[in-house]
Amino acid sequence: MNRTARGDGGGGGGEVKLALRGVSMVFQGDAGRVPTLDAIDLEVRRGELVCILGPSGCGKSTLLNIVAGFIAPTSGEVRIDGEPVRGPDPRRIFVFQERGVFPWLTVEGNIGFGLGGLPGAERRARIDRYVELVGLRDFEHTYPHELSGGMKQRLEVARALAVEPDVLYLDEPFGALDSITRLTMRVELLRIWEAERKTILFVTHDIEESVQLADRVVVLSARPARITRIVEIDIPHPRDLSSPRYLELRDGIFEEIGVAHRI
Amino acid sequence: MKAFRRGGVTESPRRSVIAPLRRMLPLTGVSALLLGWSLAAHLAGAHTLPGPGKVARAIVELTERGLLLRFAVASLFRVTWGYLLAVAVAVPLGLCLGLLQRAERTLNPLLQILRPISPLAWIPLAILWFGVGDLSAIFIIFIASALPLTVTTINAVHLVPRVHLDAGRNFGLGPLALVRRVVYPAVLPQLIGGLRLALGIAWLVVVAAEMIAVNSGLGFLIIDARNAGDRYDLVVAGMVLIGLIGLVLDAGMRRLERLPSLRWGFGAARAAR
Chain A
-8 MNRTARGDGG
2 GGGGEVKLAL
12 RGVSMVFQGD
22 AGRVPTLDAI
32 DLEVRRGELV
42 CILGPSGCGK
52 STLLNIVAGF
62 IAPTSGEVRI
72 DGEPVRGPDP
82 RRIFVFQERG
92 VFPWLTVEGN
102 IGFGLGGLPG
112 AERRARIDRY
122 VELVGLRDFE
132 HTYPHELSGG
142 MKQRLEVARA
152 LAVEPDVLYL
162 DEPFGALDSI
172 TRLTMRVELL
182 RIWEAERKTI
192 LFVTHDIEES
202 VQLADRVVVL
212 SARPARITRI
222 VEIDIPHPRD
232 LSSPRYLELR
242 DGIFEEIGVA
252 HRI
Chain B
9 MKAFRRGGVT
19 ESPRRSVIAP
29 LRRMLPLTGV
39 SALLLGWSLA
49 AHLAGAHTLP
59 GPGKVARAIV
69 ELTERGLLLR
79 FAVASLFRVT
89 WGYLLAVAVA
99 VPLGLCLGLL
109 QRAERTLNPL
119 LQILRPISPL
129 AWIPLAILWF
139 GVGDLSAIFI
149 IFIASALPLT
159 VTTINAVHLV
169 PRVHLDAGRN
179 FGLGPLALVR
189 RVVYPAVLPQ
199 LIGGLRLALG
209 IAWLVVVAAE
219 MIAVNSGLGF
229 LIIDARNAGD
239 RYDLVVAGMV
249 LIGLIGLVLD
259 AGMRRLERLP
269 SLRWGFGAAR
279 AAR
């Protein structure tokens, strides 16, 4: 397997936003040591959309939680804008699957959650803008339990975007949605990404999803996760899902992961 | 965008058909109780069980002598203070213990030892410390409702989803803000359940405390009516009043469950799923 040590395998320059150096994680379980991440090196440029792809349970969520500062790695470090990450930070928002929205707050309350420091009028305007952006107009006073899964997911994205972070971490954000909603949500995400140009780290186990969305796909091995390959997706958006290049890239990753795509 | 408010749409037509019928059911139950009671009183004789008519006259008598209002107020006064004190101590304590694992490990054995002790067992000590009077009763109510409320709060905190805590921290909340803006609203529906339970316990316990530790209140009425002349009609009148006031208290707590910001934790969230 061609083991790429460094993750700067992309064309086009751009300054480095986020850098992982030798990030390793070993969990101490009841059954002894569980090595989960093995010396992950990766660089992500400002404004880039990078998908982290790996089989279920390979530790990709752990990786994202480390990058977000929720857990400290056993060794190695994560730097953002050159500064080491020491904990969660409102400049970088983690989007959980729709479960992250606060059920006790309305759509408006959720989007405004991180805006406590703003003066009233500005807060109002910010909420308004993101309600509009994610298409939740007329649902401002609705509670999450009255929303569909896709709407809850968009609400969580809106709540994250409202604090105007530089980076978004998305942990299998569309995993719990049905396949049609999932496709729509990808289109929405790309639209929002194009409008806001955030740096996005997107964890998924869905190969198609990663090739549809990412500038680069970081392929992880089974546990303990290593980077086996970084694939540059050099197709401009909107991507034609039946173009030879798309199929070629997708099939390359299928092979890399070692699964046949014939059923 | 079509799947919202699923619960409301499917349920309301059915509910409108059944609603009048459903409202009749509790009345039917009460009527059956009164009927059975009359019958039993008739068969057993008024000396063994005073019937509804006699009890109703006893309630009128209590009202005329001004005792009903005085005793009900006395009991409610003790419950209010004992209960509010319990809430003021148990909820913050439960939130802290739920969040701080080490503190919980330290105090949990103490809670578990105190919990099985009936609050009534505290009556002698309460009288020793506070004398015969309101303070004793308030203390006993406090003990009786604070312990279960603390335990409920701790458990509720443990059930707060990790993602909510992480999300709160991600938006830059410090420990206090996290408790105020995430933990507290997240546990509120369960807390309301605990508060309702604790109020029920407080109301149960005040009667027992008043039988021994004070000279007024509905509990005192019951024990005094028996001791001072076998007035069992007054005894049962006291019981009926306790039941009715308890019902009103509980109905008040249940209204809280219908607040829009709490509904997610009760029926609505389940219906919408």
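Order-wise, the sequence lines are chains A and B. Going by the numbering used here, the first sequence opens with residue -8, and the numbers climb by one from there. Going by the numbering used here, the second sequence opens with residue 9, and the numbers climb by one from there. Every residue gets a Cβ at the ideal spot worked out from N, C-alpha and C, and that includes glycine.
Candidates 91(A), 220(A) and 186(A): closest to residue 209(A) by CA position: 220(A)
CA nearest to the CA of residue 144(B), picked from 153(B), 155(B) and 131(B): 131(B)
Residue burial classification, residue -4(A) (beta-carbon count within 10 angstroms, cutoff 16): With a pLDDT of 37 at residue -4(A), under the threshold of 50, the modelled position of that residue is not reliable, and no figure is offered here.
Any chain B beta carbon closer than 8 Å to residue 136(A): yes
For residue 121(A) and residue 80(B), the rounded distance between their alpha carbons: 54 Å
Simplified DSSP state of residue 57(B), which is helix, strand or coil: Here residue 57(B) sits in coil by DSSP.
CA-to-CA distance, residue 136(A) to residue 222(A), given in whole angstroms: 39 Å
Residues that residue 118(A) contacts on chain B, provided the C-beta gap is smaller than 9 Å: Chain B residues near residue 118(A): none, gap ~14 Å exceeds 9 Å.
Those runs of the alpha helix (DSSP H) which lie wholly inside the stretch 52 to 107 of chain B and span at least 4 residues: 60 to 72 and 75 to 107
Residues of the stretch 169 to 183 of chain B with Cβ closer than 8 Å to any Cβ of chain A, in chain order: 169, 171, 172, 174, 175, 177, 178, 179 and 180
Touch test, the stretch 9 to 25 of chain A against the stretch 66 to 79 of chain A, Cβ-Cβ under 8 Å, three pairs minimum: At 8 Å Cβ cutoff, the stretches touch.
8 Å contact criterion, which residue 71(A) and residue 83(A) should meet: CB distance rounded: 7 Å
Interface flag, residue 218(A) vs chain B, CB-CB below 8 Å: no
Residue range of the unbroken alpha helix (DSSP H) whose run includes residue 164(B): In the DSSP assignment, residue 164(B) falls within the unbroken alpha helix (DSSP H) covering 142 to 166.
Under 8 Å between C-beta atoms of residue 200(A) and residue 177(A): yes
CA-to-CA distance, residue 30(A) to residue 45(A), given in whole angstroms: If I take the Cα positions, the gap works out to 16 Å.
The stretch 257 to 276 of chain B: positions lying closer than 8 Å to chain A by Cβ: 268, 269, 270, 271, 272, 273 and 276
Distance, residue 20(A) Cα to residue 231(A) Cα: 45 Å
Cutoff 8 Å: residue 196(B) Cβ touching any chain A Cβ: Against chain A, the CB of residue 196(B) has a partner CB under 8 Å away; the residue lies at that interface.
Per-residue DSSP class, three states only, for residue 98(A): helix
Cβ-Cβ distance between residue 257(B) and residue 203(B) below 8 Å: no
Coarse secondary structure for residue 135(A), derived from DSSP in three states: helix
Presumed contact (8 Å Cβ cut-off) between residue 47(A) and residue 162(A), rounded CB distance: Contact doesn't hold; Cβ gap of about 13 Å is too wide.
Straight-line Cα distance separating residue 231(B) from residue 212(B): 15 Å
Inter-stretch contact at 8 Å, needing at least 3 Cβ pairs: the stretch 152 to 171 of chain A / the stretch 181 to 192 of chain A: yes
Chain B contact residues for residue 90(A), given Cβ-Cβ distances below 9 Å: 169, 171 and 172
Beta-carbon gap between residue 63(A) and residue 79(A) smaller than 8 Å: Against a cut-off of 8 Å, the Cβ pair of residue 79(A) and residue 63(A) comes out as no contact.
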